[in-house]
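**Q**
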Amino acid sequence: MASLFLCTDQPHDLAITFLNSQNIRGTMKIALFGPPGAGKGTQARYIVEKFNIPQISTGDLLRAQVRAGTDLGKTAREYMDKGALVPDGIVIGMLEERIKEDDCKDGFILDGFPRSISQAEALKDIVTLDEVVNIVVDESALVRRITGRRMCKCGATFHIDLNPPKKEGTCDQCGGSLYQRDDDREETVLNRLKVYRSQTQPLVELYKGVGILKDFDGNRSIDEISSDILSYLSK
Ligand SMILES: [Zn+2]
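In numbering that gives the first Met the number 0, the protein residues as written are 0 to 234.
Next comes the structure, spelled out in structure tokens:
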């Protein structure tokens, strides 16, 4: 509803009413779910380009407010300095401000939010989501894909099976030694997946119940997944 509050000029209101009455999408307020490593960021970029709506990451919002030294940012900073989680109320406050901005009038795509039932409930009080895009992947394939990644200091990336360097452990581009990011180690990946599953499963049930969540098979090429998602959202 936040976008409607901004549209005080009569013609725009009428246009929206008309669009809705034609059952054509008036706004596109989307949340994107998918485990770490499922290519969520890439899919979000496609959606942003196709529908010209901004991607909103609560992590980015938080960092921006802290940098700008706003009141919300200062409060958030106190929690972050203590190594504590920033309370939902602060995150929701930032989100509420953000979605009032003009570029959100046709919708937005939320990345990394909500992550809990209480966040979903708080979100419901400031905006009604239109769609939840849920990318579902086979976890063992995902683990293989992530744990096989190798990086070089020069920025080149490889994969031991999918995109191996010519010489094992050595960068094709600069001859440097390849390494595995800590985030890509099996134990870390399994743990992040476990956390994701336990956080997301209740939300998946919640939004399925509301009838706005749609599963997308993430065990396909990036192009196949995105054309599926974009055509669904275009309907
Ligand atoms: Zn290199």
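The beta carbon of each residue, even a glycine, is placed where N, CA and C say it ideally should be. Quick caveat: nothing in here was measured; it's all calculated off a predicted structure.
#1: At 3 residues or longer, and completely inside the segment 127 to 194: list those beta strand (DSSP E) runs for me, N to C.
#2: Any chance the CB of Lys152 is under 7 Å from a heavy atom of ligand 1?
#3: Using alpha carbons as the reference points, say which of Gln172, Gly174, Ile224 lies closest to Lys39.
#4: For Asp80 and Val188, what's the separation of their Cα atoms in angstroms?
#5: For the 8 Å Cβ check, are there 3 or more pairs between the segment 49 to 64 and the segment 148 to 157?
#6: DSSP has Lys213 in a bridge; who is on the other side?
#7: Using only the alpha-carbon positions, how far apart do Val136 and Gln198 sit?
#8: For a test of your reading of the model: does the CB of Gly175 fall under 7 Å from any non-hydrogen atom of ligand 1? Yes or no.
#9: Using 8 Å as the threshold, is the segment 58 to 71 in touch with the segment 114 to 128, meaning 3 or more CB pairs across them?
#10: Where do the ends of the alpha helix (DSSP H) carrying Ile46 lie?
#11: Would you check if the distance between the CB atom of Met93 and the CB atom of Leu61 is smaller than 8 Å?
#12: If you compare alpha carbons, which of Cys170, Asp171, Gly174, Gly36 is closest to Glu185?
**A** From the atom records:
#1: 130 to 135, 148 to 150, 156 to 158
#2: yes
#3: Ile224
#4: 26 Å
#5: Pairwise C-beta distances place the segment 49 to 64 out of contact with the segment 148 to 157, as fewer than three of them are shorter than 8 Å.
#6: Val132
#7: 16 Å
#8: yes
#9: no
#10: 39 to 50
#11: yes
#12: Gly36
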